[in-house]
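Here the structure is laid out as structure tokens; the discussion comes afterwards.
Number of protein chains: 2
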Amino acid sequence: MPLRLAVLLSGSGRTLQNLVERLRDRGLPVSVELVVSSRARAYGLERARRLGIDTAVLRRKDKPEVASYSRALIELLESRKIDLALMAGFLTVWQIPETWQGRVMNIHPSLLPAFGGPGMYGERVHRAALDRGVKVSGCTVHFADNLLDGGPIILQKTVPVLAEDTVESLAGRVFESECVAYPEAVELFAHNRLRLVGHKVHVAREDGQEDDGT
Amino acid sequence: MPLRLAVLLSGSGRTLQNLVERLRDRGLPVSVELVVSSRARAYGLERARRLGIDTAVLRRKDKPEVASYSRALIELLESRKIDLALMAGFLTVWQIPETWQGRVMNIHPSLLPAFGGPGMYGERVHRAALDRGVKVSGCTVHFADNLLDGGPIILQKTVPVLAEDTVESLAGRVFESECVAYPEAVELFAHNRLRLVGHKVHVAREDGQEDDGT
Chain U
1 MPLRLAVLLS GSGRTLQNLV ERLRDRGLPV SVELVVSSRA RAYGLERARR LGIDTAVLRR
61 KDKPEVASYS RALIELLESR KIDLALMAGF LTVWQIPETW QGRVMNIHPS LLPAFGGPGM
121 YGERVHRAAL DRGVKVSGCT VHFADNLLDG GPIILQKTVP VLAEDTVESL AGRVFESECV
181 AYPEAVELFA HNRLRLVGHK VHVAREDGQE DDGT
Chain Z
1001 MPLRLAVLLS GSGRTLQNLV ERLRDRGLPV SVELVVSSRA RAYGLERARR LGIDTAVLRR
1061 KDKPEVASYS RALIELLESR KIDLALMAGF LTVWQIPETW QGRVMNIHPS LLPAFGGPGM
1121 YGERVHRAAL DRGVKVSGCT VHFADNLLDG GPIILQKTVP VLAEDTVESL AGRVFESECV
1181 AYPEAVELFA HNRLRLVGHK VHVAREDGQE DDGT
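Chains U and Z supply the protein sequences, listed in that same order.
Going by the working numbering, the first residue of the first sequence is number 1, and it counts up by one from there.
Going by the working numbering, the first residue of the second sequence is number 1001, and it counts up by one from there.
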């Protein structure tokens, strides 16, 4: 039985497209069963339809309270027997219940804990990195918990920051690293190699030993 | 004329030893002229003597005020015509005057801005990185300014964090990266390739173009 995935998004679905292609290329026993959007007109819904994936819209304004929104989302995921939910530009606050800890992933375009937290999304992350003058950035795949950008880290990929970088060029380079990192994290999950130990993720080696996640 | 270096330390001088060896191995036109210790009994003084380097002790308790301590230190550096001062475990607060901005380097055992700032020194840095569960750490060479761990970044080196890491094993791996990064930063300075632009360091390529510092 393939692992059943849902992708949660609010925007263009660029990460969705990448995930579907790379997961297919890797020949993994996974299937994206559902795309949930918090916006009715997100282009990601159109992409999902073209990819033949079922879609659902769960608008915030229909469920303004975090608790009721979260309950509705979890019910949707459970009704479709989703094993793993992947946040991919899902710009809505929701609460992940205890039973779903370690089953919701998110990706952030920096090396957390640097350039994470409130207000740190999209271009702002790269602007902050350039303003600080760091020479290395990258991306972080983590399990989502109820702390913004605070969840247990699954893996991180680094990219150089170049002297001539703009927000756009750095964002592009980091996005390329995300395109590798997110499918890799899903692969580790699919192969049952991720262990949530307290607030940390241990990555088991293929031989059963523990490995780093870089 | 070789570039005249001073190394500022408070402890064992492990970084001093490494710097002297690696700078010599690289055949750079630099010379460590002086070691300044804030502690009279720092083992780094003994190492300096064995390496044939002049030493000076500038104890905090003799100059308890930041301003007078800083003035004495700068006078010492200027009396020896030092071009570049390298902080290497110098555990004393001092203030760098405007004329010395861009002429004092420091190294920190993490990828700043992660795990920097008050209280983040020595083993505490690696403990914090392990507690957060990051999968990548490293070191940062930066120009020291009067913000703790806030100075303009010259270069950063990354190392993986392994599941089985202890504070000791991670500290050892990061130290290896420091042993490469610090001499590299000195080499960039010696070759006049570092440009301080506002709060950022631009690294000129050998051909005069700008390069990344990784």
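By construction, the Cβ of each residue, glycine as well, lies at the ideal position given by its N, Cα and C atoms.
Bear in mind the structure is a predicted one, so any value in this text is a computation, not a measurement.
Query                                                                                                                                                  : Result
Could you name the residues that DSSP lists as bridge partners for M1087 (chain Z)?                                                                    : Z:L1008
Please classify V35 (chain U) as buried or exposed, where buried requires at least 16 other C-beta atoms within 10 Å of its C-beta.                    : buried
Does the beta-carbon distance from K1200 (chain Z) to G133 (chain U) come in below 8 Å?                                                                : yes
Taking the beta strand (DSSP E) that T1140 (chain Z) belongs to, which residues open and close that run?                                               : V1136 to F1143
For A40 (chain U), which residues in the same chain have their Cβ closer than 8 Å to its Cβ, ignoring the five residues on either side in sequence?    : V57 and R59
Cα separation between L19 (chain U) and K61 (chain U)?                                                                                                 : 28 Å
For T158 (chain U), return the contacting residues in chain Z, with the cut-off set at a CB-CB distance below 7 Å.                                     : V1136 and T1158
List, in order along the chain, the chain U residues whose C-beta lies closer than 8 Å to that of H1108 (chain Z)?                                     : The premise fails here: H1108 (chain Z) is roughly 12 Å from chain U at the closest Cβ pair, so nothing lies under 8 Å.
Less than 8 Å between C-beta atoms, sequence neighbours within five positions excluded: which residues of the same chain meet that for V136 (chain U)? : L111, T158, V159, P160 and V161
Does the CB of E1183 (chain Z) have a neighbour CB from chain U at under 8 Å?                                                                          : Going by the sequence as given, residue 1183 (chain Z) is Pro instead of Glu. It does not; no Cβ of chain U falls within 8 Å.
Quick one: which residues of the segment 1009 to 1028 of chain Z get their C-beta closer than 8 Å to a C-beta of chain U? List them in chain order.    : none
From the DSSP output, read off the bridge partner residues of V1186 (chain Z).                                                                         : Answer is none; V1186 (chain Z) lacks a bridge partner.
Does the distance from the C-beta atom of A1128 (chain Z) to that of L1170 (chain Z) stay below 8 Å?                                                   : no
If the cut is a Cβ gap below 8 Å, which residues of chain U does I1153 (chain Z) touch?                                                                : R132, G133, V134 and K135
Say whether chain U places a C-beta atom closer than 8 Å to the C-beta of H1202 (chain Z).                                                             : yes
Pick from Z:I1082, Z:S1068 and Z:E1065: whose alpha carbon is nearest that of D1054 (chain Z)?                                                         : Z:I1082
Would you identify the three-state DSSP class for K81 (chain U), choosing helix, strand or coil?                                                       : coil
In the DSSP assignment, what residue or residues form a beta bridge with P160 (chain U)?                                                               : U:V136
Can you check whether the C-beta of A114 (chain U) is within less than 8 Å of a C-beta belonging to chain Z?                                           : yes
Could you confirm whether any beta carbon from chain Z is found closer than 8 Å to the beta carbon of L111 (chain U)?                                  : yes
Is it buried or exposed, V1093 (chain Z), if we count other Cβ atoms within 10 angstroms and call 16 or more buried?                                   : exposed
Would you report the Cα separation of F175 (chain U) and P109 (chain U), rounded to the nearest angstrom?                                              : 7 Å
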